[in-house]
Amino acid sequence: MAPPNQLGKRVKLTQVRRPFIVGSTALPFSETNPRPAGVPDNHTHSWQVFVKGVEDTDITYWLRRVQFKLHESIPNYVRMVDGEPGKPFIVNETGWGEFDIAIKLYYVNDSGEKPQTLYHYLRLHPYGRTEEEKQAMIMENGEIRSWSYEEQLFNEPFDVFYRILTSGARTAMIPNSNRPGQPFSRETEAAEVKKLRDAQTTTEEWSQRILQELKGKEDLLAKLKAENAAAAAAPKPS
Numbered sequence: 044m045a046p047p048n049q050l051g052k053r054v055k056l057t058q059v060r061r062p063f064i065v066g067s068t069a070l071p072f073s074e075t076n077p078r079p080a081g082v083p084d085n086h087t088h089s090w091q092v093f094v095k096g097v098e099d100t101d102i103t104y105w106l107r108r109v110q111f112k113l114h115e116s117i118p119n120y121v122r123m124v125d126g127e128p129g130k131p132f133i134v135n136e137t138g139w140g141e142f143d144i145a146i147k148l149y150y151v152n153d154s155g156e157k158p159q160t161l162y163h164y165l166r167l168h169p170y171g172r173t174e175e176e177k178q179a180m181i182m183e184n185g186e187i188r189s190w191s192y193e194e195q196l197f198n199e200p201f202d203v204f205y206r207i208l209t210s211g212a213r214t215a216m217i218p219n220s221n222r223p224g225q226p227f228s229r230e231t232e233a234a235e236v237k238k239l240r241d242a243q244t245t246t247e248e249w250s251q252r253i254l255q256e257l258k259g260k261e262d263l264l265a266k267l268k269a270e271n272a273a274a275a276a277a278p279k280p281s
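Heads up: take any position in the sequence shown, counting from 1, add 43, and you land on the working numbering.
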């Protein structure tokens, strides 16, 4: 990290965001994906975990290194991957189990930013609340894909780094529509927003229904109490 006095002043009231993808893919061993020589017999899948740009755009101008902390049972389980322009930060492995991977992001020296850590869960098998969600994880070749869209936010970056982030064609734009192998786009974003709005509408409808039922029960209870009070106050026959 460069000394702050070499990075200029911070650009006040400015936030720069850069989209990227954190994910993993896993493929069961089979005739079309044979187990490599020397791989233990109990390993069932080949897999990879990565950090990369949306549509494979270069992100090494702001991210210089990524540390992947794998399961401790894996030899050399802490992997450091230095950035190569135009290439993803990626680790390839084999195994049989799912686990959390700690991913530490190291920014370019001119950023003046401290490393940050995020987490990704390695999936070897499809998951989801519905069968549709599970099937969406399975690619045509049987590959299990678990990707997540992330945004790196730089708040009030140093002047030198701000110029790096905004020079040339370096923007925060993502594609307008989906294409094979690249599921994140404005189209995806709009679909997710619609899902959230639909869910909110459904929740509000359920809330109104529950409130109406509750009011009906409260009215009935009040009526029964009034009837009981009237019966208690009525003169008793002598």
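All residues carry an ideal CB built from backbone N, CA and C; glycine is no exception.
Under 8 Å by Cβ, that's how I've got P39 and D101 pegged, so tell me the actual separation to the nearest angstrom.
Coverage of the chain is limited to positions 44 through 281, which leaves residue 39 absent and any answer about it impossible.
Grouping DSSP H, G and I as helix and E and B as strand, with all else coil, what is E210?
Along the sequence shown, read from residue 1 onward, the residue named residue 210 stands at position 167. As written in the sequence, residue 210 is Ser, which differs from the Glu given in the question. Three-state result, S210: coil.
My guess is that L50 and G155 are in contact by the Cβ rule of under 8 Å, so how many angstroms apart are they, rounded?
The sequence position of residue 50 within the sequence shown is 7, counting from 1. The sequence position of residue 155 within the sequence shown is 112, counting from 1. That belief holds up - the Cβ atoms of L50 and G155 are roughly 5 Å apart, short of 8 Å.
Counting only runs that start and end within the region 144–188, where is the alpha helix (DSSP H) found for 4 or more residues in a row?
Listed in chain order, they are 174–179.
Below 8 Å, how does it come out for the region 131–143 and the region 174–182: are there three or more Cβ pairs, yes or no?
Not touching, per the Cβ criterion.
G66 bridges to which residues according to DSSP?
By 1-based counting over the sequence shown, the position of residue 66 is 23. Per DSSP, F93 and W190.
State the DSSP-derived secondary structure class of V82, mapped to helix, strand or coil.
For the purposes of this step, residue 82 is taken as the residue at position 39 of the sequence shown. Three-state DSSP puts V82 in coil, outside helix and strand.
Among residues of its own chain, excluding the 5 on either side of R78, which ones have a beta-carbon nearer than 6 Å to its beta-carbon?
Here residue 78 refers to the residue found at position 35 when the sequence shown is read from its first residue. The residues are F72.
By the three-class DSSP mapping on this structure, what secondary structure does D262 have?
Along the sequence shown, read from residue 1 onward, the residue named residue 262 stands at position 219. Three-state DSSP puts D262 in a helix.
So, do the region 80–88 and the region 54–63 have three or more beta carbon pairs nearer to each other than 8 Å?
No, because fewer than three Cβ pairs between the region 80–88 and the region 54–63 fall closer than 8 Å, the two stretches do not touch.
Taking all protein chains shown into account, decide if P278 is buried (16 or more other Cβ within 10 angstroms of its Cβ) or exposed.
Locating residue 278 in the sequence shown gives position 235, counting from the first residue. Exposed, since its Cβ has fewer than 16 Cβ neighbours within 10 Å.
Here's a check: name, in chain order, each residue in its chain whose Cβ is nearer than 6 Å to the Cβ of Q110, leaving out the five neighbours to either side.
To locate residue 110, count along the sequence shown from 1; it is residue 67. Cβ within range, chain order: M123 and K147.
Who are D101's beta bridge partners in DSSP?
The residue labelled residue 101 in the question sits at position 58 within the sequence shown. Note: D101 sits in no beta bridge, so no partner.
Three-state secondary structure (DSSP) at I253?
Taking the sequence shown and counting its residues from 1, the one referred to as residue 253 is at position 210. Three-state DSSP puts I253 in a helix.
In whole angstroms, give me the CA-to-CA distance for E98 and I253.
By one-based count along the sequence shown, residue 98 stands at place 55. By one-based count along the sequence shown, residue 253 stands at place 210. Each residue's alpha carbon lies about 45 Å from the other.
Assuming Y162 and I187 form a contact by the criterion Cβ under 8 Å, report the distance between their Cβ atoms to the nearest whole angstrom.
Mapped onto the sequence shown, residue 162 falls at position 119. Mapped onto the sequence shown, residue 187 falls at position 144. Rounded, the Cβ-Cβ distance is 18 Å, inconsistent with contact.
Going by other Cβ atoms of all chains shown within 10 Å of its Cβ, with 16 needed for buried, is Y205 buried or exposed?
Position 162 of the sequence shown, counting from 1, holds the residue named residue 205. Label assigned to Y205: buried.
Please report the straight-line C-alpha distance between T245 and L196, rounded to a whole angstrom.
The residue given as residue 245 occupies position 202 in the sequence shown. The residue given as residue 196 occupies position 153 in the sequence shown. Their Cα atoms are separated by approximately 32 Å.
In terms of alpha-carbon separation, which member of S250, W105, T209 and K266 lies closest to V54?
Taking the first residue of the sequence shown as 1, we reach residue 54 at position 11. Of the listed residues, the one whose Cα sits closest to V54 is T209.
Would you report the Cα separation of M182 and Y170, rounded to the nearest angstrom?
Against the sequence shown, residue 182 aligns to sequence position 139. Against the sequence shown, residue 170 aligns to sequence position 127. M182 and Y170: Cα-Cα distance of roughly 13 Å.
Below 7 Å CB to CB, which residues in the same chain sit around N198 once its five sequence neighbours on both sides are set aside?
As a working mapping, residue 198 is identified with position 155 in the sequence shown. Within the same chain, N198 has close Cβ partners Q58.
Less than 8 Å between C-beta atoms, sequence neighbours within five positions excluded: which residues of the same chain meet that for R107?
In the sequence shown, residue 107 corresponds to position 64, counting from 1. Same-chain partners within the cutoff: D125, G126, Y149, Y150, V151 and N152.
For I133, which residues does DSSP report across the bridge?
The sequence position of residue 133 within the sequence shown is 90, counting from 1. According to DSSP, I133 bridges with F93.
Report the rounded CA-to-CA distance for R166 versus V121, giving the unit in angstroms.
For the purposes of this step, residue 166 is taken as residue 123 along the sequence shown, with counting starting at 1. For the purposes of this step, residue 121 is taken as residue 78 along the sequence shown, with counting starting at 1. Distance between the alpha carbons of R166 and V121: 19 Å.
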